[in-house]
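*Asks:* Heads up: the sequence shown begins at 1382 in my numbering, then just goes up one per residue. Don't be surprised by glycine CBs; every beta carbon is placed ideally from N, CA and C. Since this is a predicted model, take the numbers as computed values, not measurements. First the structure, which I've put down as structure tokens, then a few questions once you've had a look.
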Amino acid sequence: MAARKKAANRYYSGPPSDHFDGSLFFNPGGRMPGPFKDLLKWQFSGQRSKWPAASPSPFAQAKPAATVEGADLSVTMVGHSTLLIQTAGLNILTDPVWSERTSPFSFAGPRRVNPPGIALGDLPAIDLVLVSHNHYDHLDLATLRQLQEKHDPLVVTPLGNDAIIAPAVPGTRLSVHDWGDRVDVSNGTAIHVEPAHHWSARGARDRRMALWAGFVIETPGGKIYFAGDTGFHGGINYRLMADRHGGFRFAILPIGAYEPRWFMAPQHQNPEEAVQGMALCNAAFAAGCHWGTFQLTDEPFDEPARKLAEALDGRGIPQERFRALRPGEIWEVPRI
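Structure follows, in structure tokens:
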């Protein structure tokens, strides 16, 4: 029987590399999500915990300062993987999602259980947006349109995602990069595009056609690591970050959407692995993200924060060094 012909990549074309085979992106030396039958097995397993329909944050919606100057660093949790980073006179958003659902449909799909920690209209002027990959809980076109209309930020994203953003958000200032690229911004700040152990898709027929990534934000006050979505993969990428960058003042690491492990481990690390990652990449402080806003997987609503606290205690790491932030919570990150 003849081999099935690969679908043409409609997002990106370029030469093969250690993570692109000429048609699709992959995790070098790593694992990809299981086949469709594994997805069905998980979906029909009946093991999903029941989340509350609403779980308001204990913090009121934040009203951030217009800017944070110099080496001071202020981080505000908006929700899920959306955080506002303020330092060196720059305002930076990670994976901005203000929509009610993370889905191609307005009437179905994971729905937020708490409002964004900053009202969209209360954002300071946004200079820079980092989009790690194209899953709906990270690349929200409706939010990008609103940000473009009001703020006109520079959007930094990995290869292929421009083919999704540009037609849907005309006029977006896009900066599109491969792993290992550096983007000089301003005020002594640069963005490094770094590997993550994940995958991409907007639908059933575009899996791995666009690249996924993490980012390192190099600032006068120290380096910040936003890991994006990632499986732990033996800590390989955390060790790589330590080798390349020496260490970090602050890291934003995913701690949720990890159950069941037999299916989720290649794509989402768990809280114990996040604590290992913090240590491996030499981060002084870390915030847990990707939890407590949208139910994507089986674990209970509050389990990631509990498991994080247990993992920190198990390693003798003070709780104040790695916090599971809630929407609206602001962290004035200490200098190191």
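1. On the criterion of 16 or more Cβ atoms from any shown chain inside 10 Å, does GLU1713 qualify as buried, or is it exposed?
2. Closest by CA to PRO1372, which one among VAL1459, ASP1508 and LEU1471?
3. Would you mind listing the alpha helix (DSSP H) stretches within the stretch 1427-1467 that are 4+ residues and don't spill past its ends, in chain order?
4. Count the C-beta pairs between the stretch 1598-1612 and the stretch 1522-1534 that are closer than 8 Å, then say yes if the count reaches three, no if not.
5. Would you call ARG1586 buried or exposed, if buried means 16 or more other Cβ atoms sit within 10 Å of its Cβ?
6. Check the C-beta distance from HIS1558 over to VAL1536 and give it rounded, since I have them as a contact under 8 Å.
7. Give me whichever residues DSSP pairs with LYS1604 in a beta bridge.
8. Restricting to Cα atoms, I'd like to know which of VAL1656, GLN1527, SER1556 and PRO1409 is closest to SER1398.
9. Rounded to whole angstroms, how far is the Cβ of ILE1633 from the Cβ of ALA1577, which I believe are closer than 8 Å?
10. In angstroms, rounded to a whole number, what distance separates the CA positions of THR1538 and ARG1716?
11. Could you give the C-beta distance for SER1436 and ASN1495, rounded to a whole number, given that I count them as a contact under 8 Å?
12. Can you confirm whether the stretch 1436-1455 touches the stretch 1606-1622 when touching is taken to mean that 3 or more C-beta pairs between the two stretches lie within less than 8 Å?
13. Drop a sphere of 10 angstroms on the beta-carbon of LEU1501, count the other beta-carbons inside from all chains shown, and report buried for 16 or more, exposed for fewer.
14. Beta-carbon separation of THR1674 and ARG1493 under 7 Å?
15. I'd like the list of long-range same chain contacts for GLN1676, defined as Cβ closer than 7 Å, with 5 residues on each side in sequence excluded.
16. Give the straight-line distance between the Cα atoms of LEU1621 and PHE1629, rounded to the nearest whole angstrom.
17. Over what stretch of residues does the alpha helix (DSSP H) that includes ASP1543 continue unbroken?
18. Alpha carbon to alpha carbon, how far is GLY1658 from ALA1608? Give it in angstroms, no decimals.
19. Specify the secondary structure class of ARG1630 as computed by DSSP and reduced to three states.
20. As an exercise, report each continuous beta strand (DSSP E) stretch of at least 3 residues that is fully enclosed by the stretch 1548-1577, in chain order.
21. What span of residues does the alpha helix (DSSP H) with GLU1530 cover, start to end?
22. Got a sec, what are the start and stop residues for the beta strand (DSSP E) ARG1704 sits in?
23. Does DSSP classify LEU1661 as helix, strand or coil?
24. Where does ALA1489 land, buried or exposed, given buried means 16+ other C-beta within 10 angstroms?
25. Assign ARG1625 to buried or exposed, taking buried as 16 or more other Cβ atoms, counted over all protein chains shown, within 10 Å of its Cβ.
26. How far does the alpha helix (DSSP H) with TRP1643 in it reach, from first residue to last?
27. If you follow the beta strand (DSSP E) that PRO1539 is in, where does it begin and where does it stop?
28. Taking 7 Å as the threshold (C-beta atoms), are LEU1689 and PRO1652 in contact?
29. State the Cα-Cα distance for the pair PRO1485 and ASN1515, rounded to the nearest angstrom.
30. If you run the structure through DSSP and keep just helix, strand and coil, what is GLU1653?
31. Against chain B, with Cβ distances strictly below 7 Å, would TRP1432 count as a contact?
32. Assuming ALA1506 and HIS1532 form a contact by the criterion Cβ under 8 Å, report the distance between their Cβ atoms to the nearest whole angstrom.
33. Please list, in chain order, all residues of the same chain as TYR1619 whose beta carbon is under 6 Å from its beta carbon, the five residues on each side excluded.
34. Check whether the Cβ atoms of LEU1465 and VAL1510 sit closer than 7 Å, and answer yes or no.
*Replies:* Once the coordinates are examined:
1. As a first step, residue 1713 must be located in the sequence shown, where it is residue number 332. Classification of GLU1713: exposed, given that the 10 Å Cβ count is below 16.
2. Since the displayed the chain opens at 1382 and closes at 1717, residue 1372 lies outside it and no answer follows.
3. none
4. no
5. Walking along the sequence shown from the start, residue 1586 turns up at place 205. Under this definition ARG1586 is an exposed residue.
6. One-based indexing of the sequence shown puts residue 1558 at position 177. One-based indexing of the sequence shown puts residue 1536 at position 155. Rounded, the Cβ-Cβ distance is 11 Å, inconsistent with contact.
7. Taking the sequence shown and counting its residues from 1, the one referred to as residue 1604 is at position 223. In DSSP, LYS1604 forms a bridge with GLU1599.
8. Mapped onto the sequence shown, residue 1398 falls at position 17. Of VAL1656, GLN1527, SER1556 and PRO1409, the residue nearest in Cα terms is PRO1409.
9. Translated into the one-based positions of the sequence shown, residue 1633 becomes position 252. Translated into the one-based positions of the sequence shown, residue 1577 becomes position 196. Beta-carbon to beta-carbon, ILE1633 and ALA1577 are separated by about 12 Å, too far to satisfy the 8 Å threshold.
10. Here residue 1538 refers to the residue found at position 157 of the sequence shown. Here residue 1716 refers to the residue found at position 335 of the sequence shown. Taking the straight line from one Cα to the other gives about 28 Å.
11. Your numbering for residue 1436 matches position 55 in the sequence shown. Your numbering for residue 1495 matches position 114 in the sequence shown. Sure, about 6 Å apart at Cβ, within 8 Å.
12. no
13. Taking the sequence shown and counting its residues from 1, the one referred to as residue 1501 is at position 120. It counts as exposed.
14. Translated into positions along the sequence shown, residue 1674 becomes position 293. Translated into positions along the sequence shown, residue 1493 becomes position 112. Cβ atoms of THR1674 and ARG1493: closer than 7 Å.
15. Within the sequence shown, the letter at position 295 stands for residue 1676. Cβ within range, chain order: TRP1432 and PRO1491.
16. Position 240 of the sequence shown holds residue 1621. Position 248 of the sequence shown holds residue 1629. Rounded to the nearest angstrom, the two C-alpha atoms are 13 Å apart.
17. Here residue 1543 refers to the residue found at position 162 when the sequence shown is read from its first residue. Counting along the chain, the alpha helix (DSSP H) containing ASP1543 begins and ends at 1543-1549.
18. To locate residue 1608, count along the sequence shown from 1; it is residue 227. To locate residue 1658, count along the sequence shown from 1; it is residue 277. In a straight line, the C-alpha of ALA1608 is about 10 Å away from that of GLY1658.
19. Here residue 1630 refers to the residue found at position 249 of the sequence shown. It is a strand residue.
20. 1554-1558, 1563-1565 and 1571-1575
21. Locating residue 1530 in the sequence shown gives position 149, where the first residue counts as 1. That run of the alpha helix (DSSP H) goes 1522-1531.
22. Within the sequence shown, numbered from 1, the residue matching residue 1704 stands at position 323. Counting along the chain, the beta strand (DSSP E) containing ARG1704 begins and ends at 1703-1705.
23. Within the sequence shown, numbered from 1, the residue matching residue 1661 stands at position 280. Helix, per DSSP.
24. If you number the sequence shown from 1, residue 1489 lands on position 108. By the neighbour-count rule (16 or more Cβ atoms within 10 Å), ALA1489 is not buried but exposed.
25. The residue you call residue 1625 lines up with position 244 of the sequence shown. Label assigned to ARG1625: exposed.
26. Reading the sequence shown from its first residue, position 262 is the one you call residue 1643. Looking at the DSSP string, the run of the alpha helix (DSSP H) that includes TRP1643 is 1642-1645.
27. On the sequence shown, residue 1539 is found 158 positions in, with the first residue counted as 1. Segment 1535-1539, the beta strand (DSSP E) holding PRO1539.
28. Numbered from its first residue, the sequence shown carries residue 1652 at position 271. Numbered from its first residue, the sequence shown carries residue 1689 at position 308. In contact: PRO1652 and LEU1689 (Cβ atoms closer than 7 Å).
29. Against the sequence shown, residue 1485 aligns to sequence position 104. Against the sequence shown, residue 1515 aligns to sequence position 134. Roughly 12 Å separates the two Cα atoms.
30. Within the sequence shown, the letter at position 272 stands for residue 1653. In this structure, GLU1653 counts as helix in the three-state DSSP scheme.
31. Note that chain B does not occur in the displayed structure, where there is just one protein chain.
32. For the purposes of this step, residue 1506 is taken as residue 125 along the sequence shown, with counting starting at 1. For the purposes of this step, residue 1532 is taken as residue 151 along the sequence shown, with counting starting at 1. Right, the Cβ-Cβ distance comes to about 6 Å (below 8 Å), so this counts as a contact.
33. Position 238 of the sequence shown, counted from the first residue, corresponds to residue 1619. Close CB contacts of TYR1619 within its chain, under the 6 Å cut and outside five residues either way in sequence, are with GLY1658, LEU1661 and CYS1662 (chain order).
34. Counted from its first residue, the sequence shown places residue 1465 at position 84. Counted from its first residue, the sequence shown places residue 1510 at position 129. No, they are not a contact pair.
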